[in-house]
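Everything on this sheet refers to the single structure shown next.
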Amino acid sequence: MKKHQWMATLLSLICTGLGMFYIGTPGMIIGGMLLMALQGAALFIFFMTLGYLGLIIGPLAIGIHIIGLIIPVLYFSYRSPRKPMFDEKRRRQLSSPWKIVVRTIIGLALFAGSIYAGYTWGSAPFMKTAAEKREVQEAAESYLEQKYNEPFKVTDVDYTWAIGSYNLTAHPEKAPELEFTLSSNDASPPAISNDTYLNQLWGQQLRDRLKPLLDELYPDQAFGEAYVFAGSDTVERDYSRLANNADGDVSQNVRLIVFADLTADNLAQEKERVLELIRRLPSVTVPGETDLTIDYYAADLKTPESVKKVEQDIDDMKGKTSTYSFRVFDISDITSADDIEIRGLE
């Protein structure tokens with residue numbers, strides 16, 4: 019069976035060294051194996067250094083691939099006028115169809131093996147096994163259930179090698195929409211910490227208390243979310259009673275999205291509306307510091323689909339461009355409309 023240069027070139031483009039396996043001489047097979055091993059080693063080094071040597075490893079891997087492409091081209095281009103029998107021997111050497119198929123399959127397997135080995139061995143020091151992650155998941159669920167006396171489900175477990183810790187996402191089984199985060203070290207048994215369950219729960223309650231005020235000041239225009247931090251370790255689920263159990267150290271972050279077309283003509287009116295909101299916020303928040311952010315979007319972006327997304331997760335508007343923005347880190351700093359700066363972003 020005659021071997022074709024175009025086939026060797028195509029195979030070399032697909033996989034490093036595969037065209038050399040197709041040619042099939044002992045030297046070509048050995049050379050192809052070396053190129054694959056070098057590419058696997060490059061991948062191993064890339065992961066071992068967390069990608070920091072990417073500027074070196076990337077060109078090196080491409081260079082190995084190009085070498086694997088050039089060698090078959092040179093093989094078919096070389097002719098020896100003094101040794102015609104040598105050319106004929108090379109043409110027929112290991113050229114039966116079944117041998118070509120076997121060599122090609124072996125080459126594919128070696129290429130896949132080199133890539134898999136480089137990825138597996140290179141990334142292993144920076145990853146955790148499924149069993150190790152399951153241990154952390156079960157420890158976190160047990161910790162939460164004991165702390166809050168209700169069942170929880172951990173849905174995501176991410177390990178960060180650089181700091182030797184896990185970042186987890188969880189929610190109460192009875193309220194899957196209330197997702198929160200927590201952390202764990204990589205010890206055995208794991209030590210769970212920094213859960214934000216109550217922060218999210220209080221924020222949800224504050225958002226519900228805030229809704230009537232928004233409906234009054236921004237009818238069918240504003241959507242909000244809240245996050246609450248308290249400096250006490252007391253397990254208090256009721257946001258309205260938080261001030262009595264947090265040693266007075268409570269901070270609240272309120273973020274609004276408002277669909278409105280602000281212009282120079284109505285900007286002063288909007289400042290008065292924001293001032294009214296700030297004056298009335300203490301009636302729905304507990305005593306403490308309140309941070310307020312308002313992002314304004316064009317009115318025509320308010321569609322049934324966008325409203326549904328924002329009600330579920332206010333961050334779904336990140337793909338859209340806001341037109342104006344207002345931010346104050348403590349609403350007690352605002353005493354008049356002159357203190358309010360609504361910045362244009364276009």
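Per this note's numbering, the sequence shown starts with residue 19, numbered consecutively. Each residue gets a CB set at the ideal place from its N, CA and C atoms; glycine is no exception. Predicted model only: the values in this text are computed from it and were never measured.
query: Do you know whose CA, among Tyr177, Ala316 and Glu195, lies nearest Phe170's CA?
result: Scanning Tyr177, Ala316 and Glu195 for the CA closest to the CA of Phe170 turns up Glu195.
- prompt: Are the Cβ atoms of Glu290 and Ala209 separated by less than 8 Å?
  reply: The answer is no: Cβ separation not under 8 Å.
- request: Look up Lys289 in the DSSP assignment and say whether it is helix, strand or coil.
  value: In the structure shown, Lys289 sits in a helix (DSSP, three-state: H, G or I).
message: Which residues does DSSP list as the beta-bridge partners of Lys171?
response: For Lys171, which the question treats as bridged, DSSP gives the partners His189.
message: Taking the alpha carbon of Leu299 as the reference point, which residue from Gly72, Lys320, Ile352 and Val328 has its own alpha carbon closest?
response: Scanning Gly72, Lys320, Ile352 and Val328 for the CA closest to the CA of Leu299 turns up Ile352.
field: For Leu200, the three-state DSSP class (helix, strand or coil)
entry: Looking at Leu200 - three-state DSSP - the assignment turns out to be strand.
- request: Examine chain C for any beta-carbon lying closer than 8 Å to the beta-carbon of Arg152, and answer yes or no.
  value: Chain labels in this structure do not include chain C; a single protein chain is all it has.
- request: Return the chain-ordered ranges of every beta strand (DSSP E) run that is complete within the segment 282-328 and spans a minimum of 3 residues.
  value: Within the segment 282-328, the complete beta strand (DSSP E) runs of at least 3 residues are 307-315.
query: Which word fits Ser350, buried or exposed, when buried means at least 16 other C-beta atoms lie within 10 angstroms of its C-beta?
result: It is exposed - the Cβ of Ser350 has fewer than 16 other Cβ atoms within 10 Å.
field: Simplified DSSP state of Asn212, which is helix, strand or coil
entry: In the structure shown, the three-state DSSP call for Asn212 is coil.
message: For a quick check, are the C-beta atoms of Leu295 and Leu235 less than 8 Å apart?
response: For Leu295 and Leu235, yes; Cβs fall inside 8 Å.
Opening and closing residue of the beta strand (DSSP E) in which Ile181 lies: For Ile181, there is no enclosing beta strand (DSSP E), as DSSP marks it with neither H nor E.
- prompt: To which residues does DSSP link Tyr245 through a beta bridge?
  reply: BP columns for Tyr245 point to Asn271.
- request: Run the CB neighbour count on Leu274, radius 10 Å, all protein chains shown included, and call it buried at 16 or more, exposed below.
  value: Result: buried.
message: Could you tell me the alpha carbon to alpha carbon distance between Ser324 and Ala60, rounded to whole angstroms?
response: Ser324 and Ala60: Cα-Cα distance of roughly 46 Å.
- request: Could you check how far apart the C-beta atoms of Asp313 and Asn271 are, in whole angstroms? I think they sit under 8 Å.
  value: A Cβ-Cβ distance of about 13 Å is found for the pair Asp313 and Asn271, leaving them out of contact under the 8 Å criterion.
- request: Specify, as a first and last residue, the run of the alpha helix (DSSP H) that Arg152 falls within.
  value: Here the alpha helix (DSSP H) through Arg152 covers Ala148 to Tyr166.
query: Terminal residues of the continuous beta strand (DSSP E) containing Tyr236?
result: Counting along the chain, Tyr236 falls outside any beta strand (DSSP E), and DSSP gives it neither H nor E.
message: Given this structure, state the Cα-to-Cα distance separating Val119 from Ile63, to the nearest angstrom.
response: Taking C-alpha positions only, Val119 is separated from Ile63 by approximately 32 Å.
field: Neighbour-count burial assignment, Arg225, 16 or more Cβ in a 10 Å radius
entry: A residue is called buried once 16 or more other Cβ atoms fall within 10 Å of its Cβ, and Arg225 is buried on that count.
task: Locate the alpha helix (DSSP H) running through Val91, then write down its first and last residues.
output: Counting along the chain, the alpha helix (DSSP H) containing Val91 begins and ends at Gly72 to Ser95.
- prompt: How big is the Cα-Cα spacing for Ser343 and Thr311?
  reply: Answer to the nearest angstrom: the Cα atoms are 8 Å apart.
query: So Thr34 and Ile82 are in contact, right, with Cβ under 8 Å, and what is the actual spacing, rounded?
result: Taking a contact as a CB-CB distance under 8 Å, the pair Thr34 and Ile82 counts as one, their CB atoms being some 6 Å apart.
query: Measuring CA to CA, which of Gln218, Ala127 and Ala317 is closest to Ala193?
result: Nearest of Gln218, Ala127 and Ala317 to Ala193, Cα basis: Gln218.
- request: With DSSP collapsed to three states, give me the class of Val253.
  value: Val253 falls in the coil class under three-state DSSP.
Backbone CA spacing between Val276 and Leu260 [nearest angstrom]: Cα to Cα, the separation comes out at about 28 Å.
- prompt: If we call anything under 8 Å between Cβ atoms a contact, is Val253 one with Ser202?
  reply: With respect to the 8 Å criterion, Val253 and Ser202 are not classified as neighbours on the basis of their beta carbons.
message: Check this for me: beta carbons of Ala157 and Pro207, under 8 Å apart or not?
response: Contact check for Ala157 against Pro207 passes: the beta carbons are separated by less than 8 Å.
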